[in-house]
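Undergrad:
Chains as they are written, first to last, in this note's numbering: chain A, 1 to 112; chain B, 1 to 114.
1) Please report the distance separating the alpha-carbon of residue 27/A from that of residue 100/A.
2) For the stretch 5–32 of chain A, list every residue whose C-beta sits within 8 Å of some C-beta in chain B, in sequence order.
3) May I ask you to list the residues that DSSP assigns as paired with residue 59/A?
4) Chain A partners of residue 103/B, CB-CB under 8 Å?
5) Going by other Cβ atoms of all chains shown within 10 Å of its Cβ, with 16 needed for buried, is residue 66/A buried or exposed?
6) Which residue wins for smallest C-alpha separation from residue 107/A, given the options 15/A, 21/A and 3/A?
7) Which full runs of the alpha helix (DSSP H) of 4+ residues lie inside the stretch 71–106 of chain B, going along the chain?
8) What does residue 92/A pair with, by DSSP beta-bridge criteria?
9) Using a Cβ-Cβ distance cut-off of 7 Å, determine whether residue 90/B contacts chain A.
10) Helix, strand or coil for residue 21/B, going by three-state DSSP, please let me know.
11) Roughly how many angstroms lie between the CA atoms of residue 116/A and residue 109/B, to the nearest whole one?
12) Note down, in chain order, every chain B residue with its Cβ under 8 Å from the Cβ of residue 104/A.
13) What did DSSP end up calling residue 108/A once you bin it into helix, strand or coil?
14) Between the C-alpha atoms of residue 53/A and residue 73/B, what's the straight-line distance to the nearest angstrom?
15) Taking C-beta pairs closer than 8 Å, name the residues in chain B that residue 49/A reaches, listed in chain order.
16) One question on the structure: do residue 58/B and residue 47/B come within less than 7 Å of each other, judged by their Cβ atoms?
17) Considering residue 55/B, what are the terminal residues of the beta strand (DSSP E) in which it resides?
18) Mind checking residue 68/B: buried by the 16 CB within 10 Å criterion, or exposed?
19) Does residue 8/B come out as helix, strand or coil in the three-state DSSP assignment?
20) In this structure, how does DSSP classify residue 82/A when only helix, strand and coil are distinguished?
21) What is the residue span of the beta strand (DSSP E) that residue 60/B lies within?
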């Protein structure tokens, strides 16, 4: 499974747009990019997944350039409740009998 | 919605005790996982199972064992708890196949070994 690199932490203020970039230089042709969000004292939860170009849902947008060696999670107009750790994972859509490995993630702190 | 339920939110055990952490999922998922999470180390995979009675070691299996007698239940066992096993333990499940769903996590069990 491809290794990912993302910033350890980021700070923002309420109402700002936050972009978290993840590098995955060794991404394979059949790999998808998935982001998880983890609030304190909870398990991570899936927020968005994509293969190429742009994906948007009610929580976030995911931008993937043509070479797919990086991806950017965009959180529009963050609020205090977006304070969390964000994990980027790269793996085939069908991981079958393999497990996913999480890195240390990016700790986002949103200030008032 | 998929629900992954971990039987205890908090546990306090003594060194040397045998500890059972239970996890149940209600979506008929084939895969189940146990991770531990420690500050600065992210989530580390202990064991996973892709079928009933099947298990695979993860990155840090030492000091742990698992049991999967039924598809919906995956138990993590600390044979003889030690203080370095004080941690947050997270259970997750996922399905197999081309339309693989993402991992679904429980809310964790915070274990303290004294």
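The beta-carbon is built from N, C-alpha and C at its ideal position, and this holds for glycine as well.
Just so you know, these numbers come straight off a predicted model, no measurement behind them.
TA: Short version:
1) On the first chain, residue 27/A is found 27 positions in, with the first residue counted as 1. On the first chain, residue 100/A is found 100 positions in, with the first residue counted as 1. Using only the alpha carbons, I get a separation of about 14 Å.
2) none
3) In the first chain, residue 59/A corresponds to position 59, counting from 1. None; residue 59/A has no bridge partner.
4) For the purposes of this step, residue 103/B is taken as the residue at position 103 of the second chain. Neighbours of residue 103/B on chain A, chain order: 36, 44, 46 and 100.
5) As a working mapping, residue 66/A is identified with position 66 in the first chain. Its Cβ having fewer than 16 others within 10 Å, residue 66/A is exposed.
6) The residue labelled residue 107/A in the question sits at position 107 within the first chain. Ranking 15/A, 21/A and 3/A by Cα distance to residue 107/A puts 21/A first.
7) none
8) Translated into positions along the first chain, residue 92/A becomes position 92. For residue 92/A, which the question treats as bridged, DSSP gives the partners 31/A.
9) Within the second chain, the letter at position 90 stands for residue 90/B. Yes, residue 90/B counts as interfacial toward chain A.
10) Taking the first residue of the second chain as 1, we reach residue 21/B at position 21. Correct three-state label for residue 21/B: strand.
11) Examination of residue 116/A is not possible in this model, given that chain A is present from 1 through 112 alone.
12) Your numbering for residue 104/A matches position 104 in the first chain. Ordered by position in chain B, the residues that pass the 8 Å Cβ test against residue 104/A are 40, 41 and 42.
13) Taking the first residue of the first chain as 1, we reach residue 108/A at position 108. Three-state result, residue 108/A: strand.
14) To locate residue 53/A, count along the first chain from 1; it is residue 53. To locate residue 73/B, count along the second chain from 1; it is residue 73. So the two alpha carbons sit approximately 38 Å from each other.
15) Counted from its first residue, the first chain places residue 49/A at position 49. Going along chain B in sequence order, the residues near residue 49/A (Cβ under 8 Å) are 102.
16) Looking up residue 58/B in the second chain gives position 58. Looking up residue 47/B in the second chain gives position 47. Yes.
17) As a position in the second chain, residue 55/B is number 55, starting the count at 1. That residue, residue 55/B, is in no beta strand (DSSP E); it is neither H nor E in DSSP.
18) Start at 1 with the first residue of the second chain, and residue 68/B comes out as number 68. Per the 10 Å Cβ criterion, buried.
19) By 1-based counting over the second chain, the position of residue 8/B is 8. The answer is coil: DSSP assigns residue 8/B none of H, G, I, E or B.
20) Numbered from 1 along the first chain, position 82 holds the residue referred to as residue 82/A. In the structure shown, residue 82/A sits in a helix (DSSP, three-state: H, G or I).
21) Sequence index remark: in the second chain, residue 60/B carries index 60 (1-based). That residue, residue 60/B, is in no beta strand (DSSP E); it is neither H nor E in DSSP.
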